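Everything on this sheet refers to the single structure shown next.
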Amino acid sequence: MINPEDKVLVGYWHNWPAGNKDGYQQGSSAAMDLTDIRKEYNVIDASFMKSEGNGTIPTFKPYNMTDAKFRDQIGKLNQEGRAVIMALGGADAHIELKKADKAAFVAEIIRMVDVYGFDGLDIDLEQSAITAGDNETVIPEALREVKDHYKAQNKNFLITMAPEFPYLKPGAAYEAYIKGLDGYYDWINPQLYNQSGDGLWVDELNMWLTQSNNDLKAEFLYYMADSLSKGTRGFLKIPANKLVLGLPTNNDAAATGYVINPLHVKTAMDRLATEGNPIKGLMTWSVNWDAGKDKDGKAYNWEFVNRYAPMLFKNTQATN
Numbered sequence: 121m122i123n124p125e126d127k128v129l130v131g132y133w134h135n136w137p138a139g140n141k142d143g144y145q146q147g148s149s150a151a152m153d154l155t156d157i158r159k160e161y162n163v164i165d166a167s168f169m170k171s172e173g174n175g176t177i178p179t180f181k182p183y184n185m186t187d188a189k190f191r192d193q194i195g196k197l198n199q200e201g202r203a204v205i206m207a208l209g210g211a212d213a214h215i216e217l218k219k220a221d222k223a224a225f226v227a228e229i230i231r232m233v234d235v236y237g238f239d240g241l242d243i244d245l246e247q248s249a250i251t252a253g254d255n256e257t258v259i260p261e262a263l264r265e266v267k268d269h270y271k272a273q274n275k276n277f278l279i280t281m282a283p284e285f286p287y288l289k290p291g292a293a294y295e296a297y298i299k300g301l302d303g304y305y306d307w308i309n310p311q312l313y314n315q316s317g318d319g320l321w322v323d324e325l326n327m328w329l330t331q332s333n334n335d336l337k338a339e340f341l342y343y344m345a346d347s348l349s350k351g352t353r354g355f356l357k358i359p360a361n362k363l364v365l366g367l368p369t370n371n372d373a374a375a376t377g378y379v380i381n382p383l384h385v386k387t388a389m390d391r392l393a394t395e396g397n398p399i400k401g402l403m404t405w406s407v408n409w410d411a412g413k414d415k416d417g418k419a420y421n422w423e424f425v426n427r428y429a430p431m432l433f434k435n436t437q438a439t440n
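Per this note's numbering, residue 121 is the first one in the sequence shown, and the count goes up by one each step.
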């Protein structure tokens, strides 16, 4: 199993056909194989592992190729030192596991690894699926078993999560997953998008700092990372070396949260690093949008990876 040793640039990959004008601003996402994804993305989250009906065990199936071809593509990325993990859930997936489903869920995850060669699993439950059924106990328990299963083979099965950031507060929906997988999860990718006016109160600025405030984006990113890494300002604690900030690839990828000026990201990351609190990396929804085009047909031309890979990895230059 592949585990990136240092920084990560995480990109979600769509396991469905590309749509025409399927973006928030009527742009169009691109269809691509895993092997088409720019190499700077060293973690790919295959989206999504989900239930095919009420009460069924979540599973994954590539939409446009054989199991063997998909496994071969994962193998090629692995040879380049890139991890591919399955993303559980998604905005439109209702997953509802019961206590009696745990063994079957564990078996299905291990089967997915055997069939495709996945390197881990990302919890991407949203809306009612987060707390549905016994998910809050069954999913952490199952993932602990899977992690221990591979640890016995001297392998590290990656466990990550992508909660919408308001859920990362004491008493909020993701607390059970954060605490239930403490010591087991590898990193957390908070979604810092699609939350409009939500944000955090910052005493130092004497203001409510929102996700959608473009003028103070550097401050929002810094204080959000600072709050999470220290467990302050009303947030749960996620150590900085396990914190990956999630940003939308462009204005078509999310309704709100796009960073207009990439220097805001650099400013926040540099400030955290200067204070001895560097984060692990960045995540984006999605690689298909990074290679997509806007409503006028102009290619986005991998803007996200061109902007941010050089901030994370030495000897990386933006390319067109």
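Positions of the beta carbon are idealized from the N, C-alpha and C atoms, including for glycine. Source: prediction; values computed, not measured.
(message) I need the DSSP call for residue 392, collapsed to helix, strand or coil.
(response) helix
(message) If contact is defined by three or more beta carbon pairs under 8 Å, each pair taking one atom from either stretch, is the segment 391 to 407 in contact with the segment 170 to 182?
(response) no
(message) Going by beta-carbon coordinates alone, are residue 374 and residue 313 separated by less than 9 Å?
(response) yes
(request) Locate the alpha helix (DSSP H) running through residue 430, then write down its first and last residues. (result) 423 to 432
(message) Give me, in chain order, the residues of the same chain whose beta-carbon lies closer than 7 Å to that of residue 333; leave out the 5 immediate sequence neighbours on both sides.
(response) 340
(message) Considering Cα atoms alone, identify which of 431, 410 and 310 is closest to residue 158.
(response) 410
(message) Looking only at its chain, what residues have a beta carbon closer than 8 Å to the beta carbon of residue 352, apart from the 5 residues adjacent to it on each side?
(response) 346
(request) Spatial neighbours of residue 248 within its chain, please: CB distance less than 8 Å, with the 5 preceding and 5 following residues excluded, ordered by chain position. (result) 214
(message) My assumption, with CB atoms under 8 Å, is that residue 379 sits in contact with residue 413. Please give the rounded CB distance.
(response) The pair is not a contact, with the Cβ atoms about 19 Å apart (cut-off 8 Å).
(message) Just to confirm the assignment, what range does the alpha helix (DSSP H) spanning residue 325 have?
(response) No alpha helix (DSSP H) holds residue 325; DSSP gives it neither H nor E.
(message) Between which two residues does the beta strand (DSSP E) holding residue 132 run?
(response) 128 to 134
(message) Can you give me the C-alpha to C-alpha distance between residue 218 and residue 243, rounded to a whole angstrom?
(response) 17 Å
(request) Decide if residue 183 is buried, meaning its Cβ has at least 16 other Cβ atoms within 10 Å, or exposed. (result) exposed
(request) Verify whether the separation of the beta carbon atoms of residue 296 and residue 257 is less than 9 Å. (result) yes
(request) Would you kindly work out how many angstroms separate the C-alpha atoms of residue 123 and residue 261, rounded to a whole number? (result) 22 Å
(request) Report buried or exposed for residue 181, applying the criterion of at least 16 other Cβ atoms within 10 angstroms of its Cβ. (result) exposed
(message) In this structure, how does DSSP classify residue 418 when only helix, strand and coil are distinguished?
(response) coil
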